[in-house]
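K.L.:
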Amino acid sequence: MEQSAAETPQNTFSCQLCGLSTSFTYYGQKPPNTRAVVLLEECFVAKDPFSPDKEKFLVLGSTCSLCSMCVCVGPDCSLFYTKRFCIECVNKHLDQFPQQIQAELAKKKQSSKPGVS
Ligand SMILES: [Zn+2]
Ligand SMILES: [Zn+2]
């Protein structure tokens, strides 16, 4: 068992649903070097490469609180409702989410249909 020091990109976050893969700089609830921000959940964070503001950062994704799957924050992949849920768990337990969430998801489904004109 030899751990070669090959350049294994260990800090890579990849969404297990949409396949988005990108490097992250921090995982947790309080990204360093930011304005005392505490996130609502432990998540994968990367510095915003497009912002000159060093304190700006992007939340890439998090792990589903139910199945521990890594999912990005895209609305097609996960939902945050007190905790992070992957969309698969959301669909599985949809009846346990409040009406408001269910309605929003239903709306989203309709509007995200490929627009054929
Ligand atoms: Zn995704
Ligand atoms: Zn899940």
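Residue numbers 1 to 117, in full-length UniProt numbering, belong to the letters of the sequence shown in order. Even for Gly, the Cβ is constructed at its ideal location relative to N, Cα and C.
Report yes or no: is there a C-beta of chain C within less than 9 Å of the C-beta of His93?
P.N.:
Of the protein chains in the structure, only one exists, and it is not chain C.
K.L.:
Determine the DSSP secondary structure at Cys89, reduced to helix, strand or coil.
P.N.:
Here Cys89 sits in helix by DSSP.
K.L.:
Given the structure, does Phe85 come close to ligand 4, in the sense that its CB is under 8 Å from one of the ligand's heavy atoms?
P.N.:
Looking for ligand 4 in the displayed structure turns up nothing; the ligands present are ligand 1 and ligand 2.
K.L.:
Pull up the distance between the alpha-carbon of His93 and that of Ser111, whole angstroms please.
P.N.:
In a straight line, the C-alpha of His93 is about 22 Å away from that of Ser111.
K.L.:
Looking only at C-alpha atoms, which of Asp48, Gln29, Pro32, Met69 sits nearest to Ser14?
P.N.:
Closest by alpha carbon: Met69.
K.L.:
Roughly how many whole angstroms lie between the Cα atoms of Glu41 and Phe57?
P.N.:
Each residue's alpha carbon lies about 15 Å from the other.
K.L.:
For Lys54, does the count of other Cβ atoms within 10 angstroms reach 16, so buried, or fall short, so exposed?
P.N.:
So Lys54 ends up on the exposed side.
K.L.:
On the CB-based measure, 16 or more other CB atoms within 10 Å of its CB, does Thr63 come out buried or exposed?
P.N.:
Looking at its Cβ environment, which holds 16 or more other Cβ atoms inside 10 Å, Thr63 is buried.
K.L.:
Residues in its own chain within less than 6 Å of residue 154 by CB, not counting five upstream and five downstream?
P.N.:
With the chain represented from 1 up to 117, any question about residue 154 goes unanswered, as that position is not in the structure.
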